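**Student:** Below you will find the structure I want to go over with you.
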Amino acid sequence: LLRELRGMADASVSPPESPAPRPEIPYVATPKGLAWLKNTNSGVVATPLTNFTAQIVSEQLRDDGVEVQRTYEIAATLNDQTLHFSAPASHFSSMGWVSEHLGAQAIVYPGFGLKDHARAAIQFLSNQVSTHQVFIHTGWRKVNGVWVFLHGDGAIGPTGQLRDVTVDLPEALLQFRLPDPPAGDDLRSAVRVSLEFLEVAGDPVTVPMYCSIWRAVLSMADLSAHLSGPTGSGKSELAALAQQHFGPGMDARHLPGSWTSTANALEGLAFTAKDVLLVVDDFAPTGSAADIQRMHREADRLLRAQGNLSARLRMRSDSSLRVPKPPRSLILSTGEDVPKGQSLRARLMVVEVPPSGPGGVNWERLTVCQGHAATGRFAQAMSGFLRWLAPQYEDLQPRLAEQVAALAIKARSIGQHQRTPYNVASLALGLHYFLRFAAEMEALSESEVDDLWQRTWRALTTVAAAQADYQASSEPTRRFLQLLAAALASGQAHVAAPDGSVPASPQSWGWWKTVVGTGDYQRIEWRPQGLRIGWVQSDDLYLESDAAFAEAQRLGREGGEALSVTLQTLKKRLKEQGLLASTESIGGRERLEVRRALEGNRRPVLHLKSSTLVVPEVYQVHHVHQSRSNSKPGPLNSDAITGAVLPVGFKEVYQESEPQPQVDAPESKDNGAIGALGALSEGMDPDPSKLIANQANQTTDPWDSFLKETAE
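So for the sequence shown, our numbering puts the first residue at 151; every next one is plus one.
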């Protein structure tokens, strides 16, 4: 019985039937699109996925020198039309590229998981996908163990042009295309033609720019150059000649960069344009105060990043940090204005282009050079230099810093900002290697090389000496004193005597004479203008620091250049510059503010010498205030007039004339006065040619002493 039961149980359990054979690839491309061969209980069922077919033809490894991004080259057929396009590998799975490249007629059918099956079908049906390396930047890279210089048409190495290196540049840099390096007489001719650039304008203009061309390709540079001058002076044309050493197509109307671009775009451009000169044209802040500040802020961001060889860190969507991408070019900026900021200007070599006359652009020579540049002669010289440089590039890198330091020792005698000698040395080093190349190629004799080197050094030291004016004009303490002087001169602030009354020489401290009453009752009173920012007694000036700083900041913002430091930092800078006449020590700690009895209260104030603050005396007939009476004012004598704008120490030159109430001062007097104030506001000595005559008793301008002490 037991055996029978076991037999019945075994008979009731039959082995399952074998499933239908499954295709190796469960997807197929049909004339109507891609389909999924879905295995069901009823057999294999073809489920449509798309109404188009697609294959990955190849994949590119797009290398920017910091990151490598994978991109798929796709061939897709829709309605008997085949299209070829690229899609980033990171976006491939989302299938968002379908509508972007194939349009509205391309359909990925709806259904749970069908989009993933469509992506998988394309990958399964793509046979023999080849992989290619594509460089997406210019400059030096080691390819197959050899250093080559990448450009839009390939690369230049020790043997010349290499066409098998693939370079794909963004549209703004497409014209960075170098010709085949010439040889023999053609190379020597190209070198000498390139050197004609030096004759297009004065040496202080052309030499720094020419040095920048060759310095850019040695290694990443921690400085920028800025070409400044009025409209019509030829800035863009000069910059284009320099730029055309990297491609003949980049003339003055096709420069790669513009200050009208966004800050992010310029940062990306400066990163991609590696080891080349990159012109960013037309720095001309206009519009509202906010627009002007925005352009200065963006210039500061780009040029400071160039000077520091640093970049702003950014985060990915998953909160991980992106790889920083600093500027890797040498930026040549042009504009009618100079970007603001003392530390920023220390990272710049500012080159002034005179509007005309000696040192300005020689337009005939410029036209000749433009012809050479357009036909590629300048770019030929660059190609030859790069081929010469390629075999020694790697060995050269460790020596560059040492060579710059050695040249900076010589340049340091200029006595400027600590960065200036290194800027001079860095630019000079670029031309040094170009002259070595020219001598080895026998394009220049040894005597010509020596003459050009001496000429270069003289021009660079001349330009470097002029940098002090740009840097000093943004020095915080100097800017602070200038703004206070302007506030007092314009009646927007005043300084009182210690008891709050009229100080000595009130016209120098923001007090204006006011005509009160009429007829026989007419009298003159001194009235303070604007906010009180301090007190003066003899040679001592006591500034209420918060009020003085706020007034200087307000005036600076209205003028487009506010102070770049906080109040606390400003106090420290005043101390470091030796401008504080006294400080206090409390509990062993030095306090930069001292306490003085002023207007019946002990107040913390900054103690300066009154001579430190140069306050113009202002004769302003049109600012004489009449009484509230509607009667006609009586005649004014010279005491009712608070005269022409002159720095303290200049002899008053207003000459009394027939009384003319509320009439502007004679034009000749006012023009001379305004000229002096303009020079003062720029932080320079007044132009003697603009001062009114009769200054026989003129004393030394206090700014002279201040500048001398600051320099020392």
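Ideal Cβ positions, reconstructed from N, Cα and C, are used throughout, including at glycine. Model, not experiment: these values are computed from the prediction.
Let me confirm a value: Ala439 is counted as buried when at least 16 other C-beta atoms fall within 10 Å, else exposed. Which label applies?
**Tutor:** Counted from its first residue, the sequence shown places residue 439 at position 289. Result: exposed.
**Student:** Tell whether a beta-carbon distance below 8 Å holds between Glu734 and Arg745.
**Tutor:** Taking the sequence shown and counting its residues from 1, one reaches residue 734 at position 584. Taking the sequence shown and counting its residues from 1, one reaches residue 745 at position 595. A contact, by the Cβ cut-off of 8 Å.
**Student:** Reducing DSSP to helix, strand and coil, say where Tyr259 ends up.
**Tutor:** One-based indexing of the sequence shown puts residue 259 at position 109. It is coil, neither helix nor strand.
**Student:** Compute the distance between the beta-carbons of Ala578 and Leu610, then report whether it is under 8 Å.
**Tutor:** Stepping through the sequence shown from its first residue, residue 578 is reached at position 428. Stepping through the sequence shown from its first residue, residue 610 is reached at position 460. Yes, Cβ-Cβ distance for Ala578 and Leu610 is below 8 Å.
**Student:** Applying the criterion that 16 or more other CB atoms from any shown protein chain within 10 Å of the CB defines a buried residue, is Asn573 buried or exposed?
**Tutor:** On the sequence shown, residue 573 is found 423 positions in, with the first residue counted as 1. With 16 or more other Cβ atoms within 10 Å, it is buried.
**Student:** Considering only C-alpha positions, which residue in the set Val284, Val315, His282 and Gln283 is nearest to Val298?
**Tutor:** On the sequence shown, residue 298 is found 148 positions in, with the first residue counted as 1. Answer by Cα proximity: Val315.
**Student:** For a test of the three-state rule: what should DSSP assign to Asn787, helix, strand or coil?
**Tutor:** Here the question's residue 787 lines up with position 637 in the sequence shown. At Asn787 the pLDDT is 36, less than 50, meaning the model places this residue with poor confidence; the figure from the coordinates comes in the next sentence. The three-state reading of DSSP puts Asn787 in coil, since its state is none of H, G, I, E or B.
**Student:** Take Lys424 as the anchor and find which of Arg478, Asp372, Ala375 and Gln443 has the nearest alpha-carbon.
**Tutor:** Here residue 424 is taken as the residue at index 274 of the sequence shown, counted from 1. Residue Arg478 holds the alpha-carbon nearest to the alpha-carbon of Lys424 among Arg478, Asp372, Ala375 and Gln443.
**Student:** Give a yes or no on whether 8 Å exceeds the smallest Cβ distance from Glu349 to chain B.
**Tutor:** The question asks about chain B, but that chain is absent: this structure has only one protein chain.
**Student:** Checking the sheet assignment: what are the DSSP bridge partners for Lys292?
**Tutor:** The sequence position of residue 292 within the sequence shown is 142, counting from 1. According to DSSP, which records beta bridges pairwise, Lys292 is partnered with Trp297.
**Student:** Using the Cα positions of Gln219 and Ser236, report the straight-line distance between them to the nearest angstrom.
**Tutor:** Taking the sequence shown and counting its residues from 1, one reaches residue 219 at position 69. Taking the sequence shown and counting its residues from 1, one reaches residue 236 at position 86. In a straight line, the C-alpha of Gln219 is about 12 Å away from that of Ser236.
**Student:** DSSP three-state call for Glu625: helix, strand or coil?
**Tutor:** Sequence index remark: in the sequence shown, residue 625 carries index 475 (1-based). DSSP places Glu625 in coil when its eight states are reduced to three.
**Student:** Which class does Lys490 belong to by DSSP, given the choice of helix, strand or coil?
**Tutor:** Within the sequence shown, numbered from 1, the residue matching residue 490 stands at position 340. Note: Lys490 maps to coil in three-state DSSP.
**Student:** Tell me whether Asn277 sits in a helix, a strand or coil according to DSSP, three-state version.
**Tutor:** Start at 1 with the first residue of the sequence shown, and residue 277 comes out as number 127. In the structure shown, Asn277 sits in coil (DSSP, three-state: anything other than H, G, I, E or B).
**Student:** Using the beta-carbon count (16 or more within 10 Å), is Gly738 buried or exposed?
**Tutor:** Indexing the sequence shown from 1 puts residue 738 at position 588. Answer is exposed; the Cβ neighbour count stays below 16.
**Student:** Go ahead and pull the three-state DSSP assignment for Leu428.
**Tutor:** Taking the sequence shown and counting its residues from 1, one reaches residue 428 at position 278. Three-state DSSP puts Leu428 in a strand.
**Student:** Buried or exposed for Thr232, going by 16 or more other Cβ atoms inside 10 Å?
**Tutor:** Taking the first residue of the sequence shown as 1, we reach residue 232 at position 82. Thr232 comes out exposed.
**Student:** What residues are listed by DSSP as bridge partners for Trp364?
**Tutor:** As a working mapping, residue 364 is identified with position 214 in the sequence shown. DSSP, once it has assigned bridges, lists no residue as partnering Trp364.
**Student:** Report the option in Phe587, Val216 and Ala254 whose CA atom is closest to the CA atom of Asn229.
**Tutor:** Start at 1 with the first residue of the sequence shown, and residue 229 comes out as number 79. For the residues Phe587, Val216 and Ala254, the minimum Cα distance to Asn229 belongs to Ala254.
**Student:** Spatial neighbours of Arg454 within its chain, please: C-beta separation below 6 Å, excluding the five flanking residues on both sides.
**Tutor:** Translated into positions along the sequence shown, residue 454 becomes position 304. Excluding positions up to five away in sequence, the list reads Leu494.
**Student:** Do Trp662 and Pro653 have their C-beta atoms closer together than 8 Å?
**Tutor:** By one-based count along the sequence shown, residue 662 stands at place 512. By one-based count along the sequence shown, residue 653 stands at place 503. It is not a contact, given that the beta carbons lie outside the stated cut-off.
**Student:** Around the Cβ of Trp513, are there at least 16 other Cβ atoms within 10 angstroms (buried) or fewer (exposed)?
**Tutor:** In the sequence shown, the residue the question calls residue 513 occupies position 363. Exposed, because fewer than 16 other Cβ atoms sit within 10 Å of the Cβ of Trp513.
**Student:** Can you list, in chain order, the residues of its chain with a C-beta nearer than 6 Å to that of Gly706? Leave out the 5 residues immediately preceding and following it.
**Tutor:** Walking along the sequence shown from the start, residue 706 turns up at place 556. Excluding residues within five positions, the ones whose Cβ falls inside 6 Å are Leu633, Ala712 and Leu713.
**Student:** I'd like to know whether the C-beta atoms of Leu428 and Gly407 end up nearer to each other than 8 Å.
**Tutor:** In the sequence shown, counting from the first residue as 1, residue 428 sits at position 278. In the sequence shown, counting from the first residue as 1, residue 407 sits at position 257. Contact: yes.
**Student:** Can you tell me the Cβ-Cβ gap for Leu480 and Arg365, rounded? I've got them flagged as a contact below 8 Å.
**Tutor:** By one-based count along the sequence shown, residue 480 stands at place 330. By one-based count along the sequence shown, residue 365 stands at place 215. Right, their Cβ atoms sit about 6 Å apart.
**Student:** Measure from the alpha carbon of Ala390 to the alpha carbon of each residue in Ile286, Gln325 and Ser655, then state which is nearest.
**Tutor:** Taking the first residue of the sequence shown as 1, we reach residue 390 at position 240. Checked all of Ile286, Gln325 and Ser655; the closest Cα to Ala390 is Gln325.
**Student:** Taking C-beta to C-beta, are Ala196 and Ala204 nearer than 8 Å?
**Tutor:** For the purposes of this step, residue 196 is taken as the residue at position 46 of the sequence shown. For the purposes of this step, residue 204 is taken as the residue at position 54 of the sequence shown. No.
**Student:** Which residues mark the beginning and the end of the beta strand (DSSP E) in which Tyr222 is found?
**Tutor:** What you label residue 222 is simply residue 72 of the sequence shown in a count that begins at 1. Residues Val218 to Leu228.
**Student:** Buried or exposed, going by whether 16 or more other CB atoms sit within 10 Å of the CB of Gln547?
**Tutor:** Position 397 of the sequence shown, counted from the first residue, corresponds to residue 547. Exposed, since its Cβ has fewer than 16 Cβ neighbours within 10 Å.
**Student:** May I ask you to list the residues that DSSP assigns as paired with Ile863?
**Tutor:** A question about residue 863 goes unanswered here, because the residues of the chain that appear run from 151 up to 862.
**Student:** Can you find the residues in the same chain that come closer than 8 Å, C-beta to C-beta, to Gly379, ignoring five residues on each side of it along the sequence?
**Tutor:** Stepping through the sequence shown from its first residue, residue 379 is reached at position 229. Contacts found: Lys385, Glu486, Glu502, Val503, Pro504 and Pro505.
**Student:** Taking only the alpha-carbon atoms, compute the straight-line gap between Tyr692 and His582 and give it to the nearest angstrom.
**Tutor:** Translated into positions along the sequence shown, residue 692 becomes position 542. Translated into positions along the sequence shown, residue 582 becomes position 432. Distance between the alpha carbons of Tyr692 and His582 is about 54 Å.
**Student:** Tell me whether Ser243 is buried or exposed, calling it buried when 16 or more other Cβ atoms sit within 10 Å of its Cβ.
**Tutor:** The residue you call residue 243 lines up with position 93 of the sequence shown. Ser243 is exposed by the Cβ-count criterion.
**Student:** With distance defined between alpha-carbon atoms, name the residue in Ala461, His301, Lys490 and Ser460 nearest to His446.
**Tutor:** Here residue 446 refers to the residue found at position 296 when the sequence shown is read from its first residue. Considering only alpha carbons, the answer is Lys490.
**Student:** Contact check, Gly310 vs Asp336 under 8 Å by CB: the rounded distance?
**Tutor:** Your numbering for residue 310 matches position 160 in the sequence shown. Your numbering for residue 336 matches position 186 in the sequence shown. Contact doesn't hold; Cβ gap of about 13 Å is too wide.
**Student:** To the nearest angstrom, report how far apart His865 and Ala618 are at their CA atoms.
**Tutor:** Outside the displayed range of the chain (151 to 862) lies residue 865, so it cannot be described from this structure.
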